[in-house]
Amino acid sequence: MNGKTHSILSIFHLCWQTAIVLVIIFAGAAHAEDHTFVGFQEIAVPNGGEPPLHAGIWYPTLARPQETRLETFTQLVAPDGAIAGRALPLVVISHGGAGSFAGHYDTALALAHAGFIVAAVDHAGDTFDDQRQVLKLWRRPQQLNRLITFVLDDWRDHAHVDSRRIGAFGFSNGGFTVLVAAGGKPDLNLIDPYCRDHPTHDLCAALTKAGVSSVAALPVPPDAWLRDPRIKAIAIAAPAFGFTFSNGGLNDATVPVQLWRAADDHHQLNPWYDEAVRVALPHPPEMHVVAGAGHYDFLPPCGAVLAKHAPVICADPNGFDRAALHNLMNAQLINFFRTKLR
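Residue numbers for the sequence shown follow our numbering, so the first one is 20 and each next one is one higher.
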């Protein structure tokens, strides 16, 4: 072997060793990402002329966590711990009707453990303690937009957010919210004929109980349904008002979509909700149909206090394993957003 050949082989051997080291380093970094702790902050988000919106942010941290109360839940977080990581993707969460920003805390924790920043907001006027604006559905996407703007511009750790990688997750009314933010344009005039045909369905029975004889008279602003182009991928579970998108209302919702349906959803019956959304989307979504699940199984398992005060959303009469669903769903959400928010 001459000197030149030996030099070439030495260089090749060095490059090969370097490549192996780099693979190990990157693999280790990806693995370590799933073992960071979670920091948590409660924040106030400016809301135009109204009081600030109450919201929460979960994010990776190296600070040691502690058990912390969040409404009726207990979460293992480091309150106000220093953020770890740079150029982190952001996922915003929109809760269901009469819910709160804490309503999907387990999903927020899972995503933050996986290296995401997660922000969720109380949708003022459609929370558990304030339903006065529940039919003004256009307020919710506006509030989600303000949450994103706050995290990107004014949050204390905004420099750690990658503004090019933003996703959104929503359940029920939150699914509707996220669809609008992704480009959906619902036709609320479809609610009245829907309720004439299905007066016993949950939505229609609730409207009747509230004394609302017609939704057509709602003063919908001309700029009600504005797309937020910063959102690059969405995941939705049991989206409310799905049928209002039937007439081409989702033609502009071209981002990747992960769609979850509970096979035994007796509150939002098939095919007027999830299936209506699936059909209206311009591109086929990543579809997940959960056998045996009911509408509220997309909420995390309840503790004793919540089960006592809200048995309707906590009961699983058929013995459905809600905890197992959330382990599966959270893993699928992490995989979806990692893949689509590259």
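Note that the Cβ used here is the ideal one computed from N, Cα and C, for glycine as well.
None of the values given here were measured: they were computed from a predicted structure.
Residue burial classification, residue i (beta-carbon count within 10 angstroms, cutoff 16)
| i | result |
| --- | --- |
| residue 189 | buried |
| residue 73 | buried |
| residue 298 | exposed |
| residue 342 | exposed |
| residue 336 | exposed |
| residue 224 | exposed |
| residue 81 | exposed |
| residue 359 | buried |
| residue 330 | exposed |
| residue 285 | exposed |
| residue 316 | buried |
| residue 287 | buried |
| residue 247 | buried |
| residue 272 | buried |
| residue 75 | buried |
| residue 28 | The predicted model places residue 28 with a pLDDT of 33, which falls under 50 and marks its position as unreliable; any figure quoted below should be read in that light. Exposed, because fewer than 16 other Cβ atoms sit within 10 Å of the Cβ of residue 28. |
| residue 119 | buried |
| residue 232 | exposed |
| residue 258 | buried |
Whole-angstrom distance between residue j and residue i, CA atom to CA atom
| i | j | result |
| --- | --- | --- |
| residue 138 | residue 104 | 16 Å |
| residue 321 | residue 117 | 16 Å |
| residue 106 | residue 357 | 13 Å |
| residue 185 | residue 179 | 13 Å |
| residue 50 | residue 98 | Because residue 50 sits at a pLDDT of 36, beneath the cut-off of 50, its placement in the model cannot be relied upon, and the point is left open. |
| residue 93 | residue 323 | 12 Å |
| residue 153 | residue 96 | 32 Å |
| residue 349 | residue 193 | 17 Å |
| residue 109 | residue 291 | 31 Å |
| residue 262 | residue 270 | 14 Å |
| residue 112 | residue 215 | 32 Å |
| residue 25 | residue 169 | Model confidence at residue 25 stands at a pLDDT of 39, short of 50, so the residue's coordinates are unreliable and nothing is read from them. |
| residue 328 | residue 353 | 31 Å |
| residue 235 | residue 204 | 16 Å |
| residue 102 | residue 128 | 14 Å |
| residue 206 | residue 142 | 21 Å |
| residue 307 | residue 158 | 28 Å |
| residue 62 | residue 311 | 37 Å |
| residue 277 | residue 86 | 31 Å |
| residue 245 | residue 303 | 22 Å |
| residue 38 | residue 280 | Interpretation of residue 38 is limited by its pLDDT of 38, a score under 50 that renders its predicted location unreliable; no figure is taken from the coordinates. |
| residue 202 | residue 338 | 38 Å |
| residue 57 | residue 228 | 42 Å |
| residue 133 | residue 351 | 12 Å |
| residue 217 | residue 226 | 12 Å |
Given residue i as reference, the closest of the options once Cα atoms are compared
| i | options | result |
| --- | --- | --- |
| residue 148 | 175, 90 and 100 | 90 |
| residue 125 | 346, 355 and 211 | 346 |
| residue 403 | 208, 230 and 314 | Outside the shown range of the chain, which is 20 to 361, sits residue 403, and nothing can be said about it. |
| residue 59 | 100, 247, 243 and 122 | 100 |
| residue 156 | 165, 84, 76 and 240 | 240 |
| residue 313 | 213, 295 and 332 | 332 |
| residue 144 | 76, 256 and 162 | 162 |
| residue 69 | 83, 165 and 114 | 165 |
| residue 175 | 78, 334 and 252 | 78 |
| residue 249 | 211, 264 and 199 | 199 |
| residue 296 | 253, 83, 57 and 325 | 253 |
| residue 325 | 121, 67 and 55 | 121 |
| residue 66 | 167, 191, 115 and 133 | 167 |
Cutoff 7 Å: residue i Cβ touching any chain D Cβ
| i | result |
| --- | --- |
| residue 277 | Going by chain labels, chain D is absent from the structure shown, which holds only one protein chain. |
Beta-bridge pairing of residue i - partner residues as DSSP gives them
| i | result |
| --- | --- |
| residue 98 | 59 |
| residue 278 | 255 and 306 |
| residue 161 | DSSP lists no partner for residue 161. |
| residue 79 | 57 |
| residue 64 | 72 |
Length at least 4, wholly inside the segment 157 to 226: the alpha helix (DSSP H) runs in chain order: If we require 4 residues or more, the alpha helix (DSSP H) runs fully inside the segment 157 to 226 come out as 158 to 172, 192 to 200 and 210 to 216.
Which parts of the segment 85 to 159 are runs of the alpha helix (DSSP H), unbroken and 4 residues or longer, counting only runs that do not cross its ends? Listed in chain order, they are 124 to 132.
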